[in-house]
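Here the structure is laid out as structure tokens; the discussion comes afterwards.
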């Protein structure tokens with residue numbers, strides 16, 4: 058993931074990164090919400106899930122201290138970051154604002 062991360066975030070559409078962990082309850086709560094967001098927004102966005110336990114260097118690079126932590130990138134630029142649970146509506150509104 059580390060090697061192609063720059064390519065992933067450099068596209069000309071919002072890329073929502075979900076830093077998560079398998080053992081994290083709130084992360085499991087967010088999984089179906091993220092699927093609904095992707096189903097609603099389709100090809101206008103990318104959603105990438107990054108397991109912090111399997112990608113420790115990347116998590117350290119972005120100073121991920123809690124999961125879930127969400128970040129939005131577009132054209133390689135970091136636009137937004139927040140930790141914790143988010144609603145489907147909030148995510149859709151947020152992603153639309155960067156589309």
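Numbering (our numbering), first residue to last: 58 to 156.
Glycine included, each C-beta is placed from N, C-alpha and C at the ideal position.
Owing to the predicted nature of the structure, the values given are computational and were not obtained by experimental measurement.
Measure from the alpha carbon of residue i to the alpha carbon of each residue in the options, then state which is nearest.
i           : options             : result
residue 129 : 61, 156 and 89      : 156
residue 154 : 79, 81, 101 and 133 : 101
residue 152 : 114, 122, 84 and 97 : 97
residue 121 : 138, 131 and 133    : 138
residue 99  : 147, 133 and 70     : 70
residue 84  : 123, 148 and 147    : 123
residue 79  : 111, 148 and 68     : 111
Determine the contact status of residue i and residue j, defining contact as a CB-CB distance below 8 angstroms.
i           : j           : result
residue 127 : residue 74  : yes
residue 135 : residue 108 : no
residue 104 : residue 95  : yes
Could you pull the start and end residues of the beta strand (DSSP E) that residue i belongs to?
i           : result
residue 138 : 134–140
residue 127 : 126–131
residue 90  : Note, residue 90: premise wrong, no beta strand (DSSP E); alpha helix (DSSP H) at 82–98.
How many Å lie between residue i and residue j at the Cα?
i           : j           : result
residue 125 : residue 82  : 9 angstroms
residue 113 : residue 150 : 30 angstroms
residue 86  : residue 63  : 28 angstroms
residue 61  : residue 115 : 11 angstroms
residue 119 : residue 148 : 20 angstroms
residue 68  : residue 117 : 23 angstroms
residue 72  : residue 131 : 6 angstroms
**Prompt:** Does the stretch 83–97 come close enough to the stretch 140–149 to have 3 or more Cβ pairs within less than 8 angstroms?
**Reply:** yes
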